[in-house]
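Engineer: Residue numbers (the working numbering), protein chains in the order written: chain Y, 1 to 466; chain D, 1 to 466; chain U, 1 to 466. For glycine and all other residues, C-beta sits at the position ideal for the given N, C-alpha and C. In this text, all values refer to a predicted model and were calculated from it rather than measured experimentally.
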Amino acid sequence: MALHPDRLLPTEPATRAIARRLYDAVAGLPILSPHGHTDPRWYATDEAFPDPATLFVKPDHYVFRMLHSQGVRLEDLGIPTRDGTRVETDGRRIWRIFARHWHLFRGTPTRLWFEHALEQMFGIEERLGEANADRIHDTIAEALAKPEFRPRALYDRFDIAAIATTDAALDDLAWHAEIRASGWHGRVIPTYRPDAVVDPARTDFRDNVERLLALCQAPATWEGYLDAHRVRRAHFRAHGATATDHGHPTARTAALDTASARALFERVLRPPVSAADAELFRAQMLTEMARMSLEDGLVMQIHPGSWRNHNPGLLDRFGPDMGADIPTPTDYVQALKPLLDIVGNDPHLTLILFTLDETAYGRELAPLAGHYPCLRLGPPWWFFDSPEGIRRFRELTTETAGFYNTVGFNDDTRAYLSIPARHDMARRADCAFLARLVADHRLDEDEAHEVAHALTHGLVKDAYRL
Amino acid sequence: MALHPDRLLPTEPATRAIARRLYDAVAGLPILSPHGHTDPRWYATDEAFPDPATLFVKPDHYVFRMLHSQGVRLEDLGIPTRDGTRVETDGRRIWRIFARHWHLFRGTPTRLWFEHALEQMFGIEERLGEANADRIHDTIAEALAKPEFRPRALYDRFDIAAIATTDAALDDLAWHAEIRASGWHGRVIPTYRPDAVVDPARTDFRDNVERLLALCQAPATWEGYLDAHRVRRAHFRAHGATATDHGHPTARTAALDTASARALFERVLRPPVSAADAELFRAQMLTEMARMSLEDGLVMQIHPGSWRNHNPGLLDRFGPDMGADIPTPTDYVQALKPLLDIVGNDPHLTLILFTLDETAYGRELAPLAGHYPCLRLGPPWWFFDSPEGIRRFRELTTETAGFYNTVGFNDDTRAYLSIPARHDMARRADCAFLARLVADHRLDEDEAHEVAHALTHGLVKDAYRL
Amino acid sequence: MALHPDRLLPTEPATRAIARRLYDAVAGLPILSPHGHTDPRWYATDEAFPDPATLFVKPDHYVFRMLHSQGVRLEDLGIPTRDGTRVETDGRRIWRIFARHWHLFRGTPTRLWFEHALEQMFGIEERLGEANADRIHDTIAEALAKPEFRPRALYDRFDIAAIATTDAALDDLAWHAEIRASGWHGRVIPTYRPDAVVDPARTDFRDNVERLLALCQAPATWEGYLDAHRVRRAHFRAHGATATDHGHPTARTAALDTASARALFERVLRPPVSAADAELFRAQMLTEMARMSLEDGLVMQIHPGSWRNHNPGLLDRFGPDMGADIPTPTDYVQALKPLLDIVGNDPHLTLILFTLDETAYGRELAPLAGHYPCLRLGPPWWFFDSPEGIRRFRELTTETAGFYNTVGFNDDTRAYLSIPARHDMARRADCAFLARLVADHRLDEDEAHEVAHALTHGLVKDAYRL
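#1: In three-state DSSP terms, what is U:Gln120?
#2: Pick from U:Ala177, U:Arg157 and U:Gly78: whose alpha carbon is nearest that of U:Thr45?
#3: Taking only the alpha-carbon atoms, compute the straight-line gap between U:Ala48 and U:Thr139 and give it to the nearest angstrom.
#4: Which chain U residues sit within Cβ distance under 7 Å of Y:Val451?
#5: Let's test the definition: count the other Cβ atoms within 10 Å of the Cβ of U:Lys146 and tell me whether it reaches 16, buried, or not, exposed.
#6: Please work out which residues of its chain come closer than 6 Å, Cβ to Cβ, to Y:Leu351, disregarding the five sequence neighbours upstream and downstream, and give them in chain order.
#7: Please go through the same chain and pick out, in chain order, the residues whose beta-carbon is closer than 7 Å to the beta-carbon of U:Gly19, but skip the five residues on each side of it.
#8: Report buried or exposed for D:His137, applying the criterion of at least 16 other Cβ atoms within 10 angstroms of its Cβ.
#9: Looking at the strands, I want to know which residues DSSP matches up with U:Val299.
#10: DSSP puts D:Asp167 in a beta bridge; with which residues?
#11: Identify the contact partners of Y:Asp6 in chain D, using a Cβ-Cβ distance below 8 Å as the criterion.
#12: Does the stretch 18-35 of chain U come within contact of the stretch 336-355 of chain Y, defined as at least 3 CB pairs closer than 8 Å?
#13: Output yes if chain D places a C-beta closer than 8 Å to the C-beta of Y:Pro387; else output no.
#14: Which residues of chain D have a Cβ atom closer than 7 Å to the Cβ of Y:Ser418, listed in chain order?
#15: Between the beta-carbon of D:Gly402 and the beta-carbon of Y:Thr108, is there less than 8 Å?
#16: With 7 Å as the limit, tell me which residues of the stretch 396-423 of chain Y have their beta carbon closer than that to any beta carbon of chain B; keep them in chain order.
#17: Report the rounded CA-to-CA distance for U:Leu349 versus Y:Arg21, giving the unit in angstroms.
#18: Tell me whether D:Pro373 sits in a helix, a strand or coil according to DSSP, three-state version.
#19: Could you give the distance in angstroms between the alpha-carbon of U:Ala454 and the alpha-carbon of U:Gly344?
#20: What are the start and end residues of the alpha helix (DSSP H) that includes D:Ile342?
#21: Is it a yes or a no for the stretch 322-333 of chain D touching the stretch 359-371 of chain D, going by three-plus beta-carbon pairs under 8 Å?
#22: Going by the CB atoms, is the gap between U:Phe384 and U:Glu358 shorter than 8 Å?
#23: Buried or exposed, going by whether 16 or more other CB atoms sit within 10 Å of the CB of D:Ala263?
#24: Just to confirm, is the Cβ distance from Y:His61 to Y:Met425 under 8 Å?
#25: State buried or exposed for D:Gln217, treating a residue as buried only when at least 16 other CB atoms are found within 10 Å of its CB.
#26: Counting only runs of 4+ residues fully inside the stretch 215-240 of chain Y, write out the alpha helix (DSSP H) ranges in chain order.
#27: So is the beta-carbon of U:Phe105 under 7 Å away from any non-hydrogen atom of the ligand PLP?
#28: At 8 Å on the CB atoms, spell out the chain Y contacts of U:Arg65, in chain order.
#29: Can you tell me the Cα-Cα spacing of Y:His248 and D:Leu298, whole angstroms?
#30: Under three-state DSSP, which class holds Y:Leu443?
#31: Can you give me the C-alpha to C-alpha distance between Y:Ala251 and D:Glu12, rounded to a whole angstrom?
#32: May I have a chain-ordered list of the alpha helix (DSSP H) segments no shorter than 4 residues that lie completely inside the stretch 3-71 of chain Y?
#33: Determine, using beta carbons only, whether D:Glu119 comes closer than 8 Å to chain U.
#34: Buried or exposed: where does D:Pro380 fall if 16 or more other Cβ atoms within 10 Å of its Cβ makes it buried?
#35: Comparing the C-beta of U:Trp113 with each C-beta of chain Y, is any distance below 8 Å?
#36: Helix, strand or coil for Y:Ser306 per DSSP?
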């Protein structure tokens, strides 16, 4: 197998040569990872990663959703049950199941990320299968025990210049504090993700709001609640945060007057909360967050359109985030209007939009981002963070929004070892797209080099204010 | 014209060479046709096909819809009217109209299917046009009179290993019984299509249900009605059926309790039936069919999203299926949830989803099929059963659902002579897609060979339990 | 930079060679521009165009929306304010801002149109930037003063055979009359665009209807109002019009009986008009316009799905058409049914459909146009009038609707100097698509030549009855 130096580049030789020149110029740039889900504890404690199955299989919903779709039981993959029913604990047996089903990942980005990690991290150039499952397992297991596979050593080996984690509003950021206090040179910064204190549809919403208010010594009023957000945002900024993130079911925003907002706040704290009120409160809070971003400079990210935990059987047995989150059609044009009517023309706000509905790229997102000064387009997200997904994103947004209303790449991952692979894939996919524009004379090659560099570095740095 | 051996393969020479190797390895595999609309009578009686116009023009809605769109009257194509008004009966004159408009099909799959049949079946390598219309007509007409153009001879010539027809729940399957009784080696199996006894929006619904109940000696209760379905399914299985098929306006499913289902059953038998009740009954019946599939092992297929008979003028004059069926936006994520909540995690169920809304491929269908053990993705359907349609299907589903949650190809046709052409096109299109993955090093060539074989044979056989 | 002769053609050499042959055969054909927004006054008075900024920046919403999206103030681009607040008046300073931001247009069609005009019109082969901004400004400014840069000279230089403008129903068409009276050989024809007298949601609707009725000496009744439209349509036809155009928020049509239409007409003339009534009136008027087209032979165009003036801040300060028009999801299947039920099967009507929702191409528009004799598909519109947009249009519509249910290209522009560039781009993009069909043997090259010619000339001429 062995990774081919021209993988993911265009197949037409002259175009591939252009792509290769573009890629070679950005392949070695440091990684900026402004949005992701690695655990700050890793960088704080710098402990060794556990066995291969715990590293590659159990925490990766891309992996176990595919195995589940083909009838593999999550219990057999060692996914812990809520009620404590026994599940597989032998990492080697889990790894063998994974290896036996490896062909399922043909044509998927998971395949490419994994093989990139295998070769680059562990020097393994064989294709995983039943025959070599044990041998590959042991090679990885041995390596993970070595100091150079600790989180901080990998941070350097991956050439990360900055990496953001995603943290609940109520998080004390103790690991971030510890990282800073340790004097280590790595730049690990938090991101303010207030969903748990913003979404009245959550069963723990009221408790979360009470904790928020207590934490900030704020009164249980609409104004007190908003001030508590301000306090927490300041806390995050003090720990290096440059951004907030909002994972809402829809992109809906609202622009209530103060009296209506106060009344709504009181209603959502007294169950039962109607679905309409929950949606309206989340909508209003996006607008409030945008206003606060204008106050404190935090960049705002909206990730809408996922139907979380679509599979109640799995939710009951294993809990949330079990690969059962399904995209839904997502409106932006009507949804964002209340917010945009208020802050849309202010170039001091940066609001980065993501989508799981690719039909919005050309129809809504590119026209919006190609007009409103506050808007930028986030990179392809989740299912679309892939060679075909990145190609479609550029093909569908560039002609209307250009490159400079986009913000480079997010790896968005908790799979630490996949980070170099994901950034490499994005760089290759962007260079492939640019090479096609050069090859059919829509762009000059020197410009393509500038754009490739901007997509890898400048636009990320600027958009996320790193 | 003469069919080019590399038609539909990638144009970049190195990629084409890979595609050619992949294609050569599957081109000669037998045809498995698990979903289609050929007439079982053909195989039972083995009579000669009629004249060219009756074979190629009159029954093919792909052909006459395009001619109609350019102002050709259906009467002039010999399409019979409901009221018996005279229409063209001279097959040669119909054929000439077809030939004169042949340029309309440039860039369409109909063009490719037809020319494949012309050359492979009749040795005709000329492009159809006004000048050679008569000559080509006569060549075909002469051939059709020969024994080697009878249905059973063609079955062997096409190298069909199994072919499914689609049959109404009330069908006695007499032709299927006759085929079996004849001792002929061909495998022609029925498919249980209960739409006429499931859809209360049909004017003949009540009559159909009464016939169903009488046929199965079942009482006119909800339970009796369900039992009657069980009886008919068993009848179909006894004749070789392995699957059911459901052509609903939407993919909506429901999970009513028994009391509500009983009440609904009574309501839909007493006209007028509201549109909401009709939709709810169809929805509930999809869930019931899934439950029965778990009992009896029949594979379930859902074909939603076609607005049938959109053109009332044509419906009044010529009846249904006149090329006026138009796709509509189709939701799966919300629609299927009631059914999936009940049977979604059971790997013993196979539920194959089709769509006419390509926006669902990446946003809904691939994420659903890449998670739920019971779900598989049917091949591109109807308008999208084409080179571009197959390419988009693979590009939009593979990265999330992989290849192994798909089920190979369906020709879905009543145009018997087009079957080899359609399967050949699908094999070429899939090999073209795979070759691109190999050429840019996303897949190794030996794996691509395995996948190409699986898409042509193994996945079809397994998914449809053939 | 210098325009490459093979720009926008496929990069694979053999396919490019085919595309080049196809393109060379149509590159020199005269321009038919059946839908656009140039000012008839230009052709009537034949005055010199003003300075570069007034020509290229201020009137072009593609240009200033992109600059605005990156924080450039419209005041600094010389866009006049509604309240008369001072804005930049120095064209050279505006031009410098444009030049400094030129990189924003990388990958956009604006870039290609502009550079085509620069080189072909002004002999400038340098890339615009800060360093050469003044020099390029002066070169253009000098040229514009010359007689060969006057509108009529350019009409000949562009080799325009006919060009349509778009004109309000109340327009007296005085400039068109003056053009005709002048004896000049150019063919400049109006298009009947009655939105202002058809859309009750406009604040000036009632005044406009009163003016319409007065102009036609028609009574203030539903019948009088319809007759007034007939009078105006006749007036337009007398000035050479062959088409009408309808820019509605949706494609909805209606088929009210006369009593209901009369009552609705009375309601929409008495504010406040409900949104539902406004929509219903527009819907009914599309059907009325189709009926009148059957009477008088005017071709009908529907341009639905743009959310006009989405940005209230910009609307208040600068007025409409400031680049804040955003596409929305657009239904055709249900929306057009009332109209199609009445006139859909009449081949004497030509109804050309446009969209800003590309999801409708394959799902709705191609199936509709591939069936109904009255329907044709307009070319990619607005944001999609681009290399990728044209490619997607052909890929998504051809297999179902063929080429002959499309109508060639519309430049749809008020940017006179971009007209040759836009038509050249469309010819290149269509030839690129055709070359791919030839290269993978879906089409013979002689047929591709016929199609390329038809898309450039015959289909435009026939569809628009020029």
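Structural biologist: Looking at the coordinates:
#1: helix
#2: The shortest C-alpha separation from U:Thr45 is found at U:Ala177.
#3: U:Ala48 and U:Thr139: Cα-Cα distance of roughly 15 Å.
#4: Here the neighbours are Arg106.
#5: exposed
#6: Met300, Cys374 and Leu375
#7: One point to set straight first is that residue 19 of chain U is Ala, not Gly, in the sequence displayed. Excluding sequence neighbours, U:Ala19 sits near Leu9, Pro10, Cys431, Ala432 and Ala435.
#8: Taking all protein chains in view, the Cβ of D:His137 is crowded by 16 or more other Cβ atoms within 10 Å, so the residue is classified as buried.
#9: As a beta-bridge residue in DSSP terms, U:Val299 pairs with U:Ala243.
#10: D:Tyr192
#11: The contact set of Y:Asp6 on chain D, defined by CB atoms closer than 8 Å, consists of Asp440 and His441 in chain order.
#12: no
#13: yes
#14: Those do not exist, as Y:Ser418 stays about 15 Å from chain D at its closest Cβ, beyond 7 Å.
#15: Yes, they are a contact pair.
#16: The structure shown contains no chain B; its protein chains are Y, D and U.
#17: 54 Å
#18: coil
#19: 24 Å
#20: Lys337 to Val343
#21: Contact between the stretch 322-333 of chain D and the stretch 359-371 of chain D is present, because at least three Cβ pairs lie under 8 Å.
#22: yes
#23: exposed
#24: no
#25: exposed
#26: 222-238
#27: Only the bare structure without any ligand can be found here, which leaves the ligand PLP out of the picture.
#28: Gly370 and His371
#29: 40 Å
#30: coil
#31: 42 Å
#32: 13-26, 40-45, 52-56 and 61-69
#33: no
#34: buried
#35: no
#36: strand
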